[in-house]
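Everything in the sequence shown is counted per my numbering, starting at -12 for the first residue and increasing by one. Working notes, beginning with the structure itself.
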Amino acid sequence: MKTSPFSIWLSAARPKTLPLALASIMTGSVLAYWNNHASFTITLMAFITATLLQILSNLANDYGDAVKGTDNEDRLGPQRAMQTGLVTQETMKKAIGINIVLTIISGLILVFSSLHQTMDIIGFIALGLLAIGAAIAYTMGDKPYGYRGLGDISVFIFFGLLGVAGTYYLHTGHLSSALFLPATACGLLAVAVLNINNLRDIENDEACGKMTLVVRMGANWGRKYHAVLMAVSFICLAVFSATQIHSLTGWLFLAIAPFVFNHVMSVMRAPNGEAIRPMMGTVVQCALFTNVLFAVGLYLSV
C-alpha cells in the first residue's frame, strides 16, 4: 500500500504529543487572563512557536534514535519515519533545518510583538535558542543528554517552568511566585508522559545504551516514580487552588482524579514493557485533561 508524503510527515511530527507542548502555553495564558493581562496575539504566536518546537524535538528524536540504532525491531513503541526507511537521513536533516528556520521566525515574531525592553528581548531570544538546542541535543550528537538520564529534567523545565512562567511573562511583563505551583504541576505531568514512554522501552533502551532515568533506577522504582509525579502534580494544583483561587471552580481538575488514580494503579501492577504499551495514550489523556480542567476552572473563577 502506497503511503503519501503528507501521512509520512504527519506521523513523523507525532501529533499525539503536540497537546502536551500546548498545555503549558494554555496554562500560562489563562493565568495571565486570571490576572487581567491576556493577549490573543501572544497566545496564538506562543501556540505556534511551541508546536514548531515540539515537532522539531520529534524530528530530531526520530533522527537520533534511528542513527544510534535505538529504533529497531525490538522496540515496543510505534515505528518511526527513518526506522521504516520512508525517510532518509539527508531528507530528515533538511526537514529539521527547515523546522529550525520556521521556529526562529515564529519565535522572533512572538518576542517582538510581546516585549519592549531590550533586556527582556535579549533574554527571551536566548531562551528560545536554548530551547532549540535542547530539542536537537536530546538524541542527536555525540553526547545526547537523553541517553544520559537527563530527559526528565529537560522536559520538566521546558514543558513546565519555562513554558508556563515564560508565557505568563510574555503576557504580563512580570512573574509571580504563586504561578510556579501550576508550572510545576504542568511540568511533572509532561515528565509522567516521558516516564511511561521510558518504562515501555526500558529493556530495548538499556540494550542500546540509552540510559534513561528509568533504566538507571529500574522498572520497579520507575513505577513508584510515576506515582509520585502524578500525586505531586495534583498537590501543587490543590495548593494553588486553596491559596489563590478561592472559588469552587478552582477544584474542577479533581474531576479527572479517579481516572488518574486508575491509571497509576495500572502502572504499578504492570509486569513489563508490553503491559505498559497501551498506557501511553492513557497518560497523555491524564496529563492533557488535568491541565485543561485546571485552566477552565481558573477561567471560570474570574
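Cβ coordinates follow ideal geometry from the N, Cα and C atoms, glycine included.
In the structure shown, residue 23 adopts coil according to DSSP, grouped into three states.
Approximately 5 Å separates the beta-carbon atoms of residue 170 and residue 148; this is inside 8 Å, confirming the contact.
When C-alpha distances from residue 182 are compared across 194, 198, 167, -8, the shortest belongs to 198.
Restricting attention to 14, -10, -7, 2, the CA atom closest to the CA of residue 157 is found in 14. Here residue 195 carries a coil assignment [DSSP, helix/strand/coil]. Closest in C-alpha terms to residue 160, from the list 104, 174, 72, 258, comes 104. When DSSP states are grouped into helix, strand and coil, residue 60 belongs to the coil group. By the neighbour-count criterion, in which a residue is buried when 16 or more other Cβ atoms sit within 10 angstroms of its Cβ, residue 221 is buried. The residues 98, in chain order, have a CB closer than 7 Å to that of residue 112 in the same chain once the five nearest residues on each side in sequence are set aside.
Secondary structure of residue 127 (DSSP, three-state): coil. A straight line joining the alpha-carbon of residue 287 with that of residue 233 spans about 12 Å. The beta-carbon separation of residue 143 and residue 175, rounded to 7 Å, stays under the 8 Å limit for a contact. Straight-line measurement puts the Cα of residue 85 at about 18 Å from the Cα of residue -6. Within the region 207 to 280, the complete alpha helix (DSSP H) segments at least 4 residues long are 244 to 256, 260 to 263, listed from N- to C-terminus.
Take residue 242, set aside five residues on each side of it, and the residues of its chain with a beta-carbon closer than 7 Å to its own are 280, in chain order.
With a minimum length of 3 residues, there is no unbroken run of beta strand (DSSP E) contained wholly in the region 96 to 178. A straight line joining the alpha-carbon of residue 177 with that of residue 277 spans about 11 Å. With a contact defined as Cβ atoms closer than 8 Å, residue 167 and residue 11 miss out at about 13 Å. Residue 165 places its beta carbon less than 9 Å from that of residue 231.
Looking at 163, 121, 21, 68, the one whose alpha-carbon comes closest to that of residue 41 is 121. Classified as buried, residue 217 has 16 or more neighbouring CB atoms from the shown chains inside 10 Å of its CB.
Our two residues, residue 224 and residue 119, have alpha carbons roughly 29 Å apart in a direct line. With fewer than 16 other Cβ atoms inside 10 Å of its own Cβ, residue 75 counts as exposed. If you look at residue 202, you'll find it in the alpha helix (DSSP H) that goes 200 to 204. A direct Cα-Cα distance of roughly 33 Å separates residue 237 from residue 44.
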